[in-house]
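Q: Below: one structure in structure tokens.
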Amino acid sequence: MNAAAHSPLERQALARLKAGDAAGAESDLLAALEVATAPAARSRIWEAIAEARYTQGFAMESAVALGRAGSSTNPRLALRRALMLIGAGKFPLALSELERLPASARKGFDFWSLKADALRHTGRWSEAADAAAIAIAANPASRNMALIRAAGLGHGDQWTEAAPVFRKYADFPPAVEMHAGALVGSGHIEEARMLLTSALGRFPADASLHRALAMIAWMAGERQTFADGLIAAANARPDDLNLGMAAADLLRRADRLDEALTRLEALRRKFPLPQIASASAIVLSAIGRHAEAAHLAKVSAAQLPRTDWVRRNAGSVLLSAGAPAEALAHAQWGLSLDPLDQEWIAVEAVARRALGDASYRTTYDYDRFVQPFDLSPPEGFETTEAFIEALASRLRELHSFSNHPLDQSLRGGSQLQLNPDVPQDPLIKKLFAAMREPIGKYLERLGHDPSHPFLSRNKGRWRMQGCWSVRLVKGGSHVNHIHPEGWISTAFYVVVPSSVRPESNSQEGWITFGAPYYPVEGITPERSVCPKPGRLVLFPSYMWHGVNAFTEDAERISVAFDLVPE
Numbered sequence: 012m013n014a015a016a017h018s019p020l021e022r023q024a025l026a027r028l029k030a031g032d033a034a035g036a037e038s039d040l041l042a043a044l045e046v047a048t049a050p051a052a053r054s055r056i057w058e059a060i061a062e063a064r065y066t067q068g069f070a071m072e073s074a075v076a077l078g079r080a081g082s083s084t085n086p087r088l089a090l091r092r093a094l095m096l097i098g099a100g101k102f103p104l105a106l107s108e109l110e111r112l113p114a115s116a117r118k119g120f121d122f123w124s125l126k127a128d129a130l131r132h133t134g135r136w137s138e139a140a141d142a143a144a145i146a147i148a149a150n151p152a153s154r155n156m157a158l159i160r161a162a163g164l165g166h167g168d169q170w171t172e173a174a175p176v177f178r179k180y181a182d183f184p185p186a187v188e189m190h191a192g193a194l195v196g197s198g199h200i201e202e203a204r205m206l207l208t209s210a211l212g213r214f215p216a217d218a219s220l221h222r223a224l225a226m227i228a229w230m231a232g233e234r235q236t237f238a239d240g241l242i243a244a245a246n247a248r249p250d251d252l253n254l255g256m257a258a259a260d261l262l263r264r265a266d267r268l269d270e271a272l273t274r275l276e277a278l279r280r281k282f283p284l285p286q287i288a289s290a291s292a293i294v295l296s297a298i299g300r301h302a303e304a305a306h307l308a309k310v311s312a313a314q315l316p317r318t319d320w321v322r323r324n325a326g327s328v329l330l331s332a333g334a335p336a337e338a339l340a341h342a343q344w345g346l347s348l349d350p351l352d353q354e355w356i357a358v359e360a361v362a363r364r365a366l367g368d369a370s371y372r373t374t375y376d377y378d379r380f381v382q383p384f385d386l387s388p389p390e391g392f393e394t395t396e397a398f399i400e401a402l403a404s405r406l407r408e409l410h411s412f413s414n415h416p417l418d419q420s421l422r423g424g425s426q427l428q429l430n431p432d433v434p435q436d437p438l439i440k441k442l443f444a445a446m447r448e449p450i451g452k453y454l455e456r457l458g459h460d461p462s463h464p465f466l467s468r469n470k471g472r473w474r475m476q477g478c479w480s481v482r483l484v485k486g487g488s489h490v491n492h493i494h495p496e497g498w499i500s501t502a503f504y505v506v507v508p509s510s511v512r513p514e515s516n517s518q519e520g521w522i523t524f525g526a527p528y529y530p531v532e533g534i535t536p537e538r539s540v541c542p543k544p545g546r547l548v549l550f551p552s553y554m555w556h557g558v559n560a561f562t563e564d565a566e567r568i569s570v571a572f573d574l575v576p577e
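In the working numbering, the protein residues as written are 12 to 577.
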């Protein structure tokens, strides 16, 4: 449509957008929207608002605007919305948007490249490689698609095809990081370390490569020295904000809180940015300095009121500081953009509970939503016990790390990634197959409610997204957490210490529900389930859960995965 069809405010907004004033353009467009009545004009303005917001970095708000522009019926807008959802980190939502397109629109480079990108972010590497191959056929020059395909093949241990692509892009740091991730995913740990060490000789200031190497070192058991390389790089380049923030973040995750705070305070003196204040608030809260943490959280959120991660930080900090009403306001903002956001649902539930509002039980209905099932013997096994014994032996062989990942919830043990998207060990395949019956029963019992953030997604169809095994040892536990990318989460028990039993008053080794990661006065677990070998527990991914530590000198082996609607 030519410019004459646009109102003066629209034309002014488009000129501002072209000149780089996206905030001014958005303001003009919102004013134009107030007086526009024709559906075509309103759709056009909403599309322009989406672009103005995306230019400012508000990807989720942009996606919402495109929804109002009519992306549900317009394939061109739907593709653009999928891109914005990927930018917002909403990868399952992006995939849903792409799958809703009519068959005639599910083709071409734009569609397949977006699908490949979303699939790889959800860990569906085999499918990502297939989608990237189709995108490459449409655009052979796409480096990103070549790398996604190579990473997908590498995760499946198909290095004959993957290795030449990574060699071609060896001087591109993100390609090195993807290469290392695929090596780790396919069990080639030492090769990944060597690759990253070599690359850092060429790119000594690359924070992402330092972080990837430090993560591997930590999981290999190098608790004291894992971040030495990153710390040295940050010390050598005190003006490099990326290195400084990466070092502080890894130290925080390793519970070296005083060191993390010292680094953040030094960075904040040099760069008085609200992003650093928000990160400092999280560390201060973890140390127990709640009043200082709340102050920084409020200041940073006031300065960046449309930045999602800053408001998430504020929500958790304010709950620990005894300000649930303020935390609730942040959660309601987040849910206005995405009503199915698992983390915001979890924060809202804690805030309402802390306020004495019983409506939190709408989402935290433990009797209905937390369900244990005891597995029947898989095909080829006379008893569940025989299968569990064989599975335990195989999982012990596969666990190659000695320490937990820094970005996961377990403490005192190791984690093994099991990719359901690539060929598996025969015993693990049998486990996946045996899970289908209890999952079907669970969904049938739940039913469907279009007004409920959990039940509205139950259409009886699902797919597995992400799978892992955890081996805890004496003193091991899981800190309270949620699964932000899931819908239904699981815990399946393979080996359980003898001290973990139903009659235990201490409930050591039990899975608990209801208490958040951050301490909130008066908010403790409300439901517990005793594990036993062969037991599967199913529950909403937004439901806070953790595992009590156990004192016996023994091991506790489990398998967990998330389900998403299909």
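We put the beta carbon where it would ideally sit given N, CA and C, even for glycine.
Have a look at residue 526 and residue 547 and give me their C-alpha separation to the nearest angstrom.
A: Sequence index remark: in the sequence shown, residue 526 carries index 515 (1-based). Sequence index remark: in the sequence shown, residue 547 carries index 536 (1-based). Rounded to the nearest angstrom, the two C-alpha atoms are 21 angstroms apart.
Q: For residue 495, tell me which candidate among 536, 544, 338, 575 has the shortest Cα-Cα distance.
A: As a first step, residue 495 must be located in the sequence shown, where it is residue number 484. Per the Cα distances, 575.
Q: Counting Cβ pairs closer than 8 angstroms, one from the segment 392-407 and one from the segment 500-517, do we hit at least three?
A: The segment 392-407 is in contact with the segment 500-517.
Q: Since residue 547 sits in a beta bridge, which residues does DSSP pair it with?
A: For this step, residue 547 is matched to residue 536 along the sequence shown. For residue 547, which the question treats as bridged, DSSP gives the partners 384, 503.
Q: Quick check: the Cα distance between residue 365 and residue 197, rounded to an integer number of angstroms?
A: Looking up residue 365 in the sequence shown gives position 354. Looking up residue 197 in the sequence shown gives position 186. If you take the alpha carbons of residue 365 and residue 197, they lie about 44 angstroms apart.
Q: Relative to the C-alpha of residue 534, which residue among 549, 551, 491 is closest?
A: Here residue 534 is taken as the residue at index 523 of the sequence shown, counted from 1. Answer by Cα proximity: 491.
Q: Indicate the three-state DSSP secondary structure (helix, strand or coil) for residue 538 in the structure shown.
A: Taking the sequence shown and counting its residues from 1, one reaches residue 538 at position 527. In this structure, residue 538 counts as strand in the three-state DSSP scheme.
Q: Rounded to whole angstroms, what's the CA-CA distance from residue 362 to residue 338? Just pull it up for me.
A: By one-based count along the sequence shown, residue 362 stands at place 351. By one-based count along the sequence shown, residue 338 stands at place 327. So the two alpha carbons sit approximately 6 angstroms from each other.
Q: Please name the residue in 310, 330, 331 whose C-alpha comes closest to that of residue 321.
A: Walking along the sequence shown from the start, residue 321 turns up at place 310. For residue 321, the nearest C-alpha among the options comes from 310.
Q: Pick out whichever of 473, 441, 462, 467 has its Cα sitting closest to the Cα of residue 452.
A: As a position in the sequence shown, residue 452 is number 441, starting the count at 1. Among 473, 441, 462, 467, the Cα nearest to that of residue 452 is on 473.
Q: By the three-class DSSP mapping on this structure, what secondary structure does residue 571 have?
A: Here residue 571 refers to the residue found at position 560 of the sequence shown. If DSSP states are grouped into helix, strand and coil, residue 571 belongs with the strands.
Q: For residue 273, name the three-state secondary structure that DSSP assigns.
A: Working through the sequence shown from its first residue, we reach residue 273 at position 262. It is helical.
Q: Comparing alpha-carbon positions, which option in 181, 54, 544 lies nearest residue 394?
A: In the sequence shown, the residue the question calls residue 394 occupies position 383. Of 181, 54, 544, the residue nearest in Cα terms is 544.
Q: Residues in the same chain with beta-carbon distance under 7 angstroms from residue 80, minus the five sequence neighbours each way, listed in chain order, please.
A: Start at 1 with the first residue of the sequence shown, and residue 80 comes out as number 69. Counting only Cβ-Cβ distances below 7 angstroms, and skipping sequence neighbours, we find 54, 57, 58, 61, 88.
Q: Go ahead and pull the three-state DSSP assignment for residue 491.
A: Locating residue 491 in the sequence shown gives position 480, where the first residue counts as 1. Residue state, collapsed to three classes: strand.
Q: I'd like the list of long-range same chain contacts for residue 12, defined as Cβ closer than 6 angstroms, with 5 residues on each side in sequence excluded.
A: Along the sequence shown, one-based indexing puts residue 12 at 1. Low confidence applies to residue 12: its pLDDT is 41, below 50, so where it sits in the model is not reliable, and the reading given next is rough at best. None.
Q: Just mark residue 71 as buried or exposed, buried being the case when its beta carbon has 16 or more other beta carbons within 10 Å.
A: Looking up residue 71 in the sequence shown gives position 60. That one is buried.
Q: What are the start and end residues of each continuous alpha helix (DSSP H) run of 4 or more residues lying completely inside the segment 204-278, in chain order?
A: Within the segment 204-278, the complete alpha helix (DSSP H) runs of at least 4 residues are 218-230, 239-247, 252-264.
Q: Tell me the rounded alpha-carbon separation between residue 14 and residue 22.
A: On the sequence shown, position 3 is the one that residue 14 refers to. On the sequence shown, position 11 is the one that residue 22 refers to. For residue 14, the pLDDT reaches just 47, beneath the cut-off of 50, and the residue's location in the model is therefore unreliable, leaving the point undetermined.
Q: Please classify residue 459 as buried or exposed, where buried requires at least 16 neighbouring CB atoms within 10 angstroms.
A: Reading the sequence shown from its first residue, position 448 is the one you call residue 459. Classification of residue 459: exposed, given that the 10 Å Cβ count is below 16.
Q: Does the contact criterion of 3 or more C-beta pairs under 8 angstroms hold for the segment 437-449 versus the segment 535-542?
A: No, they do not touch.
Q: Which class does residue 369 belong to by DSSP, given the choice of helix, strand or coil?
A: Here residue 369 is taken as the residue at index 358 of the sequence shown, counted from 1. Of the three classes helix, strand and coil, the one that applies to residue 369 here is helix, per DSSP.
Q: Between 74, 228, 252, 532, which has its C-alpha nearest residue 301's C-alpha?
A: To locate residue 301, count along the sequence shown from 1; it is residue 290. Here the closest residue by C-alpha is 532.
Q: Just the C-alpha distance for residue 499 and residue 43, rounded to the nearest angstrom, thanks.
A: Here the question's residue 499 lines up with position 488 in the sequence shown. Here the question's residue 43 lines up with position 32 in the sequence shown. So the two alpha carbons sit approximately 42 angstroms from each other.
Q: In terms of DSSP beta bridges, what is residue 480 paired with?
A: Residue mapping note: residue 480 aligns to position 469 of the sequence shown, counting from 1. Answer is 427, 570, bridged to residue 480.
Q: Taking the alpha helix (DSSP H) that residue 183 belongs to, which residues open and close that run?
A: Numbered from 1 along the sequence shown, position 172 holds the residue referred to as residue 183. Per DSSP, residue 183 belongs to no alpha helix (DSSP H) and is neither H nor E.
Q: Alpha carbon to alpha carbon, how far is residue 144 from residue 94?
A: Numbered from 1 along the sequence shown, position 133 holds the residue referred to as residue 144. Numbered from 1 along the sequence shown, position 83 holds the residue referred to as residue 94. One C-alpha to the other measures close to 19 angstroms.
Q: Spatial neighbours of residue 268 within its chain, please: C-beta separation below 7 angstroms, excluding the five flanking residues on both sides.
A: In the sequence shown, the residue the question calls residue 268 occupies position 257. Same-chain partners within the cutoff: 294, 297, 298.
Q: Short check: CB of residue 207 to CB of residue 223, under 8 angstroms?
A: Within the sequence shown, the letter at position 196 stands for residue 207. Within the sequence shown, the letter at position 212 stands for residue 223. Yes, these two residues count as a Cβ contact at 8 angstroms.
Q: Under the rule that 16 or more other beta-carbon atoms within 10 Å means buried, what is residue 126, buried or exposed?
A: On the sequence shown, residue 126 is found 115 positions in, with the first residue counted as 1. Classification of residue 126: buried, given that the 10 Å Cβ count is 16 or more.
Q: Using the beta-carbon count (16 or more within 10 Å), is residue 430 buried or exposed?
A: What you label residue 430 is simply residue 419 of the sequence shown in a count that begins at 1. So residue 430 counts as buried.
Q: Closest by CA to residue 286, which one among 323, 270, 389, 192?
A: If you number the sequence shown from 1, residue 286 lands on position 275. Nearest option by C-alpha distance: 323.
Q: Could you pull the DSSP bridge partners for residue 558 from this structure?
A: If you number the sequence shown from 1, residue 558 lands on position 547. Paired residue(s): 489, 522.
Q: What are the boundary residues of the alpha helix (DSSP H) that residue 155 is part of?
A: Sequence index remark: in the sequence shown, residue 155 carries index 144 (1-based). Element bounds for residue 155: 154-166.
Q: Between residue 328 and the rest of its own chain, which residues show a CB-CB distance below 7 angstroms, the 5 nearest in sequence each way excluded?
A: For this step, residue 328 is matched to residue 317 along the sequence shown. Closer than 7 angstroms at the Cβ level, and outside the excluded window around residue 328, lie 292, 293, 296, 304, 305, 308.
Q: Please look up how many angstroms separate the CB atoms of residue 356 and residue 373, rounded, as I've assumed it's under 8 angstroms.
A: Indexing the sequence shown from 1 puts residue 356 at position 345. Indexing the sequence shown from 1 puts residue 373 at position 362. 10 angstroms between Cβ atoms; not a contact.
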